[in-house]
Amino acid sequence: MAQEQAASPQVELEDIEVTAGAEELEALRAERDEMRDKFMRVLAEAENSRKRVERDRKEAEMYGSTRLARDLLPVFDNLTRALQSIPEETRAASSALIEGVELTLRELTNVMTKHGVSPISPAVGDVFDPQLHQAMFEAALPGTKAGQIIQVMTEGFLLHDRLLRPAQVGVSSNTQ
83 MAQEQAASPQ VELEDIEVTA GAEELEALRA ERDEMRDKFM RVLAEAENSR KRVERDRKEA
143 EMYGSTRLAR DLLPVFDNLT RALQSIPEET RAASSALIEG VELTLRELTN VMTKHGVSPI
203 SPAVGDVFDP QLHQAMFEAA LPGTKAGQII QVMTEGFLLH DRLLRPAQVG VSSNTQ
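Going by the working numbering, the first residue of the sequence shown is number 83, and it counts up by one from there.
Listed below in structure tokens is the structure:
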């Protein structure tokens, strides 16, 4: 009986050590799982940041010249108006000057196209598109349908797929 009593505290001590070891092991597993979860979250956030930076870089590359392109549009408009305002009688006498202005306009157009700027050139009779056109006025014009373009004041422009400036147009308001 004395042996049983002596063995009993030893067994209890081993049980306590095993239980404590199991609890410690469980705590370490929980800490490991928590660290793995944090690691995976940080890894995912790093990947998202990399993708966001890449997307922002591409967007800056494509659309970073928006302000410059907008500032060049009045130059295009003025050269176009200059060519349109020359009367037929003076074209022969000023052919060299006119050719120079035409070449300058062509070069400006080529540079703009090279950098992703494309014109929106509606024609009279086209259907008004509020995504690309700005209605400057409405008028009832016989022989037209409502929503048809009846006059084009200025061309519009896109920078890649973004609108730089809508084409300014007059629209028919006929209700027929």
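Cβ coordinates follow ideal geometry from the N, Cα and C atoms, glycine included.
Quick one: what does DSSP say residue i is sitting in, helix, strand or coil?
{"i": "residue 221", "result": "strand"}
{"i": "residue 262", "result": "Nothing can be reported for residue 262, as the shown portion of the chain is limited to 83 through 258."}
{"i": "residue 214", "result": "coil"}
{"i": "residue 183", "result": "helix"}
{"i": "residue 229", "result": "coil"}
{"i": "residue 131", "result": "helix"}
{"i": "residue 85", "result": "Because residue 85 sits at a pLDDT of 49, beneath the cut-off of 50, its placement in the model cannot be relied upon, and the point is left open."}
For residue i versus residue j, is the C-beta spacing smaller than 9 Å?
{"i": "residue 147", "j": "residue 215", "result": "no"}
{"i": "residue 50", "j": "residue 247", "result": "One cannot answer for residue 50 here, as it falls past the ends of the chain, which runs 83 to 258."}
{"i": "residue 185", "j": "residue 158", "result": "no"}
{"i": "residue 204", "j": "residue 182", "result": "no"}
{"i": "residue 177", "j": "residue 240", "result": "no"}
{"i": "residue 226", "j": "residue 187", "result": "no"}
{"i": "residue 317", "j": "residue 256", "result": "With the chain covering 83 to 258 only, the question about residue 317 has no answer from this structure."}
Use the C-beta contact count for residue i: other C-beta atoms within 10 angstroms, 16 or more gives buried, fewer gives exposed.
{"i": "residue 212", "result": "exposed"}
{"i": "residue 207", "result": "exposed"}
{"i": "residue 244", "result": "exposed"}
{"i": "residue 89", "result": "Interpretation of residue 89 is limited by its pLDDT of 49, a score under 50 that renders its predicted location unreliable; the figure taken from the coordinates is listed afterwards. Exposed."}
{"i": "residue 230", "result": "buried"}
{"i": "residue 194", "result": "buried"}
{"i": "residue 100", "result": "exposed"}
{"i": "residue 179", "result": "exposed"}
{"i": "residue 172", "result": "exposed"}
{"i": "residue 124", "result": "exposed"}
{"i": "residue 234", "result": "buried"}
{"i": "residue 168", "result": "exposed"}
Between the options, which has its C-alpha nearest residue i's C-alpha?
{"i": "residue 209", "options": "199, 188, 200 and 232", "result": "232"}
For the region 212 to 222 against the region 245 to 254, do three or more pairs of beta-carbon atoms, one drawn from each stretch, fall closer than 8 Å, so that the two count as touching?
Per the Cβ contact rule, the region 212 to 222 is in contact with the region 245 to 254 (3 or more Cβ pairs under 8 Å).
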